[in-house]
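Inspection log for the structure reproduced underneath, given as C-alpha cells.
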Amino acid sequence: MTIGAYLPILFLVILSTLFAVGSMIAAAKLTPRKWTTAKLQPYESGIVPEEGKEGQRFPVKFYLTAMLFIIFDIETAFLYPWAVAYGELKVFGLIEMAVFMFILIAAYAYVWKRGGLEWAE
Amino acid sequence: MIGNVIDWIGAPVIIAAVKVVIVFLVLLVVTMLVIWFERRVLAFMQSRHGPNRHGPFGLGQTLADGIKLFFKEDFRPKNADRWAYAIAPVAAMVPSFLAFAVIPIGDHITIGDRRVDFLVSDLNIGLLYFLAMGSIGVYGVVLAGWASGSKYPLLGGVRSTAQLISYEIALGLSLVPIVLVTGSLSTKTIVAAQAGTIGDVTVFDGIPLLQQVQGLFSFVPNWYIWSQWPAFLIFLIAGIAETNRAPFDLPEAETELVAGFHTEYSGIRFAMFFLGEYIHVVAISAMAVTLFFGGWHGPVFGVVEWLWPLVWFTLKVLFFVYLFVWVRATLPRFRYDRLMWLGWKRLIPGALIWILATAIVNTQGIHRNIRLGVFGLLFLAVVVWMWRGDPRLGLIKPVTRSRVREVPSGNL
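Note that the protein sequences, when read in sequence, are chains A and B. If you use my numbering, the first sequence corresponds to residues 116 to 236, in order. If you use my numbering, the second sequence corresponds to residues 27 to 438, in order.
Given below as C-alpha cells:
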C-alpha cells in the first residue's frame, strides 16, 4: 500500500469540485437576474422578516451535544486500531478494552444520571 | 503512438483517471434513476401514478427537473454570508461522491496483462475513510444553515448537526464488530471474507447438535448479516438518520421549518444539496451490502464472468434503496427528543455491548464454551436493551366500550 492509492481519490475530488463550481458559474451566467427587495429578504413564511442576523439565538443544549460527541467519537476512533489488531492481542486485548469500556461506561452513566442526555426537560 | 503516451503518463494513472470518470458519470445517472425510482415507488405505495409523462415510464422526469433547476434564477439573500453561502452546497455534495471511492462494485477484469478491480481505490483504512467523508458532509449542512442569515435555516442547521453527530457515533460503533471479525479496514478484504457458505464456519466444531444444524444450512452464503445482524440493525437505523431521510428528516421538517437548512437555496445550489442527499442514500445502501450482504458475491453463470458480480451488487443495492423508500412511506417523523433518546440511550450502549460480545466470541485462548456462554448473555442484554421503550412514555389506554358509554347523551 503506497500513497498511490490516494491518487484516484485526488482525481475524484478535482472532478467533483470542478463539476460543482463549473455548474454554479455557468448557472450564474445563464440564468435571469431580476432582484427585488422582497426577494432578497430572509424567508419567513410570508410575513415581514425580523432584521439582523447577529441577534439569532438557539438552545445551549446543542453545544453540550457537540461536547459529548467529541468524547464518544474519539473513543470510536480508538476502537478501530484495537479491532484491527485484535487477532494478535487475544485475551490481553479483551481485558484492556473491557477496562477502557468500563471507565467510559461509568462516565456515560454519570452523564445519564445528571440528565446530560435528556432533551426535553 | 498511444503506447508512448501510456508509457509516459503511466498505466496506473490512466486506469485511475478512467475509473474515476466512469464512477462519476455512473453516479450522476444512478442518482437521476434513484430519484425517479423513489417517486414512482412512493406513488405506487400511495395508490397514485407518479411521474409518467417525460420519456418511457417517466424516466426523463429527473433530467427535466435538473434542467429546469439549472436555468432558475440564482440569487443570494441579503443577509447571507457571501462565501459560506456559496461553499455550502459544494461541501455537501463533494463528500458524497468521495464516499463511493472505497466501495467495491464488482470483482475484477483483466485487460492485457493487467488486473483491474471494480473499485476506485483499495485504501487500507477504507471504513475510516467512509466515515470521515460522512462527517465532512455535515459541514455543508452547518454552513448552509448558518450562512443563510435566516431563522428557519439556522434552526434546521443546528438541529441537523446535533442529529448527524449523535448518529455518527452509533454508525461508527456498528462497524467495529465487522472490523473485529475481519481484522481489516479494507472494504476489499471484508468482501473477500464473505465468500463461501455457512458450512465453512468453524466456531461450532465439536458440538455435534449445532454442527448438524449448521450442516442443514450449508447452502446459505457466508454473509456477515447472519452473525452480525444486531450491528446491521444499528447501522441501518443510524444510516437512515445520517442521510436525513424520513423518519429522521427533522432537519428539513416541512411542517415546522419550511425546508430546514436549504430554505434560502434555489436553482442549481438547491439541486446540489438534493444530488448530495441521494448519492448519500446510494452510498449507505452500497456500504450495507458491502459489509453485511457479501458485496458483489453471488452465483456466476456462464459466459461474461465479470458482469455477474456487477449485476448482483446492483440488485442488492436496489433492494436497500427500495427499503429507504419503503421506510419513508411507512413511518411518521420522529419528535426531536425521541430522536435523541434513540440515538444516545439505545443505539450507543447497544453497539458498545455488541462490540464486547463479538470480541469475546472471537477471542483465542479462552475455552470455547465460556466464550459462547458469555456471548449468549451479552446477546440477550443487547436484544432486551434495544427492545425496551422509553419508560417516560407510558402506555395509552385504549378507549373501551364501557368508557364510551360514560359520555353523557340526551337532550342538550
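Ideal placement from N, C-alpha and C gives every residue a C-beta, glycine not left out.
key: Distance between beta carbons of Q254/B and F318/B, contact taken as under 8 Å   = 6 Å
For the alpha helix (DSSP H) that R74/B lies in, which residues bound it at each end?
No alpha helix (DSSP H) holds R74/B; DSSP gives it neither H nor E.
Could you confirm whether any beta carbon from chain A is found closer than 8 Å to the beta carbon of L206/B?
yes
Should R374/B go down as buried or exposed, given a rule of 16 or more other Cβ atoms within 10 Å for buried? Arg is not the amino acid found at residue 374/B; the sequence shown has Ile there. Buried, since its Cβ has 16 or more Cβ neighbours within 10 Å.
Notebook entry, point to check: Is there a Cβ from chain B that is less than 8 Å from the Cβ of R229/A?
Noted result: no
Item to complete: State the DSSP-derived secondary structure class of D107/B, mapped to helix, strand or coil.
Response: coil
Just to confirm the assignment, what range does the alpha helix (DSSP H) spanning R448/B have?
Residue 448/B falls outside the range modelled here, since chain B spans only 27 to 438, and no answer is possible.
For I233/B, the three-state DSSP class (helix, strand or coil): coil
Exercise. Give the residues from the region 33-67 of chain B that approach chain A closer than 8 Å (Cβ to any Cβ), ordered along the chain.
Key: P38, V39, A42, A43, K45, V46, V47, V49, F50
Contact list for T88/B against chain A, beta-carbon separation under 8 Å
Ordered by position in chain A, no residue passes the 8 Å Cβ test against T88/B, which lies about 16 Å from the chain.
Which value, in whole angstroms, describes the spacing of the CA atoms of A213/A and Q156/A? 56 Å
For this session: Residues of the region 145-169 of chain A with a CB closer than 8 Å to any CB of chain B: list them in chain order, please.
Result: L145, T146, P147, R148, K149, W150, K154, L155, Q156, P157, Y158, E159, S160, P164, E165, K168
Discussion item. Could you tell me the alpha carbon to alpha carbon distance between R361/B and T223/B, rounded to whole angstroms?
Written reply: 42 Å
- Task: Please name the residues in the region 367-396 of chain B whose beta-carbon is closer than 8 Å to at least one beta-carbon of chain A, in chain order.
- Result: W367, W370, K371, I374, P375, L378, I381, L382, A385, I386, N388, T389, Q390, G391, I392
Q. Using 8 Å as the Cβ pair cut-off and three pairs as the minimum, do the region 195-208 of chain A and the region 208-225 of chain B touch?
A. yes
Is T223/B helix, strand or coil when you go by DSSP? strand
query = Out of curiosity, what's the CA-to-CA distance linking K228/A and S174/B?
reply = 37 Å
- prompt: In its own chain, which residues sit with a C-beta less than 6 Å from the C-beta of R65/B, not counting the 5 before and 5 after it?
  reply: G76, P77
With the cut-off set at 8 Å, would you say L130/A and V47/B are in Cβ contact? yes
Check your understanding: Applying the criterion that 16 or more other CB atoms from any shown protein chain within 10 Å of the CB defines a buried residue, is M182/A buried or exposed?
Key -> exposed
Can you list, in chain order, the residues of its chain with a C-beta nearer than 7 Å to that of L232/A? Leave out the 5 residues immediately preceding and following it. V226
> Leaving out five residues before and five after V387/B in sequence, what residues of the same chain have Cβ atoms less than 6 Å from its Cβ?
Replying inline: R397, F401
Which residue from Q238/B, R185/B, V351/B puts its Cα closest to that of I266/B? V351/B
Taking P325/B as the reference, give the member of L368/B, W411/B, A221/B, L259/B with the closest Cα. A221/B
Where E290/B meets chain A, residues with beta-carbon distance less than 9 Å:
P157, Y158
Can you find the residues in the same chain that come closer than 6 Å, C-beta to C-beta, to A383/B, ignoring five residues on each side of it along the sequence? F401, L404, F405
Checklist entry - Within the 8 Å Cβ cut-off, does K104/B reach chain A? => result yes
With C-beta atoms as the reference, is A257/B less than 8 Å away from I191/B? no
Taking only heavy atoms of the ligand GTP into account, decide whether any of them is closer than 7 Å to the Cβ of L130/A. Among the components of this structure there are no ligands whatsoever, and the ligand GTP is therefore not found.
request  = Within its chain, find whatever has a CB closer than 6 Å to the CB of N105/B; leave out the 5 residues flanking it on each side and keep chain order.
outcome  = G175
Check your understanding: To which residues of the same chain is L378/B closer than 8 Å at the C-beta, ignoring the five residues directly before and after it?
Key -> L199
message = I'd like to know whether the C-beta of A213/A is nearer than 8 Å to at least one C-beta of chain B.
response = yes
Do we get a CB-CB distance below 8 Å when we pair M182/A with the residues of chain B? no
Problem - Own chain partners of D133/B with C-beta closer than 7 Å, once the 5 adjacent residues on each side are dropped - result: F144, W322, W332, P335
- prompt: Taking buried to mean at least 16 other C-beta atoms within 10 Å of its own C-beta, is E165/A buried or exposed?
  reply: exposed
| query | If you run the structure through DSSP and keep just helix, strand and coil, what is P247/B? | reply | strand
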